[in-house]
Amino acid sequence: MSTVLELKNATKRIDNGLNETKMILNHVNLTISQGEFVTVLGGNGAGKSTLFNSIAGTVTLSEGDLFINDQNITTYSEEKRAKYLSRVFQDPKMGTAPRMTVAENLLLALYRGKRRGLRLRKLNEERAFFTKICSEVGNGLENHLDTPTGNLSGGQRQALSLLMATLSKPELLLLDEHTAALDPKTSKQLMQLTDQRIKEGQLTCLMITHRMEDALNYGDRLIVLQKGQIIKDLNKAEKEKLTLQDLLLFFEEEVEEISID
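Residues in the sequence shown are numbered from 1 upward in steps of one, following UniProt numbering.
The following block contains the structure:
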């Protein structure tokens, strides 16, 4: 199985302004193979967002290298990395253009990474396809193809972001706590859609979640971050043996260690 993502000695240090340096990522080594769906857990300040931002290019590593499909992209800009990556954020307002309609947003996503040039957009030719994929969401999104995205509910907008991120198969899908801002019912629906899109597209995915039930129920590998380091990296068989209490213990151990420090 080929390697999609590899981090070698990935390190991020910041100066806190008090002549002290804080280690946000501490020499992280991580390899993700094609088709893996990896969930990422960690408490506040564990380094989850910095890990994702380092992969996406919004944060520059202090040390180490990052590869996608054996291509060293460590020095690539965020824009250049967009060729390989799709990302869905925690905030439903991010990832979509609010004044553009649902159909127009999907059309943009359909041509992501492709040469566009000056030509007719041919929106009507894709309308039946957009209706079909939106109807699979189950929240009435197919009835809002001509609705400005800014007028959608949070759940509809986040579902649209997910469709856009997976429409043109990315090398790597980053889900950054993408259900955190939603109510439990809507969150559950979006996670079911997420799992469906990943399986149907055979996508490679990294998903940060704060919902431990989702960490147990979804994905085939689990990573736990603490103080910028990977303290647990569990494969599918190991993950299937976990209980909710096991996950809670990971965080209790972290709190105990912090109090001792």
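Built from N, CA and C at the ideal position, the CB exists for glycine as well. Source: prediction; values computed, not measured.
Check for me: the alpha helix (DSSP H) holding residue i runs from which residue to which?
i	result
Phe52	Lys48 to Ala56
Gly42	Gly42 -> not in any alpha helix (DSSP H); beta strand (DSSP E) instead, spanning Phe37 to Gly42.
Gln226	Where Gln226 is concerned, there is no enclosing alpha helix (DSSP H), although the beta strand (DSSP E) it sits in stretches over Arg221 to Gln226.
Gln229	Element bounds for Gln229: not the alpha helix (DSSP H) but the beta strand (DSSP E), Gln229 to Leu234.
Arg127	Arg127 to Ser135
Do you know offhand how far residue i's Cα is from residue j's?
i	j	result
Leu145	Ala103	5 Å
Glu20	Ile133	51 Å
Ala128	Leu106	12 Å
Ser33	Ile14	30 Å
Lys241	Met191	21 Å
Leu41	Asp246	13 Å
Gln189	Ser62	39 Å
Pro184	Thr101	27 Å
Could you name the residues of the same chain whose beta carbon sits closer than 7 Å to that of residue i, not counting the 5 residues immediately before and after it, in chain order?
i	result
Gly47	Ile24, Leu25, Leu225 and Gly228
Ser77	Gly57
Ser168	Ala109, Leu110, Arg112 and Gly113
Val59	Lys12, Thr50 and Asn53
Thr243	none
Glu142	Thr131, Cys134 and Ser135
His210	Glu177 and Ala180
Could you check where the beta strand (DSSP E) with residue i kicks off and where it finishes?
i	result
Val59	Premise fails: Val59 is in no beta strand (DSSP E) and is neither H nor E.
Glu6	Thr3 to Asp15
Ser33	Thr21 to Ser33
So, for residue i: in the same chain, excluding its five sequence neighbours on each side, which residues have a beta-carbon less than 8 Å away from its beta-carbon?
i	result
Asn69	Ser2, Thr3, Val4, Tyr84 and Glu171
Ser161	Val88, Phe89, Pro92, Met94, Gly95, Thr96 and His178
So for residue i, helix, strand or coil by DSSP?
i	result
Ser153	coil
Ala165	helix
Ser77	coil
Glu257	Here the model assigns Glu257 a pLDDT of 43, short of 50, so the residue's position is not dependable and the matter cannot be decided.
Phe251	helix
Asp176	strand
Gly117	Model confidence at Gly117 stands at a pLDDT of 49, short of 50, so the residue's coordinates are unreliable; what they give is reported in the following sentence. Coil.
Met94	coil
Met100	coil
Starting from the C-beta of residue i, find all residues in its chain whose C-beta is less than 6 Å away, skip the five residues before and the five after it, and write them out in chain order.
i	result
Tyr218	Asp195
Since I believe residue j is in contact with residue i (beta carbons under 8 Å), could you give me their beta-carbon distance rounded to a whole number of angstroms?
i	j	result
Gln156	Leu182	Going by Cβ atoms, the distance from Gln156 to Leu182 rounds to 10 Å, so no, they are not a contact pair.
Phe37	Ile230	17 Å between Cβ atoms; not a contact.
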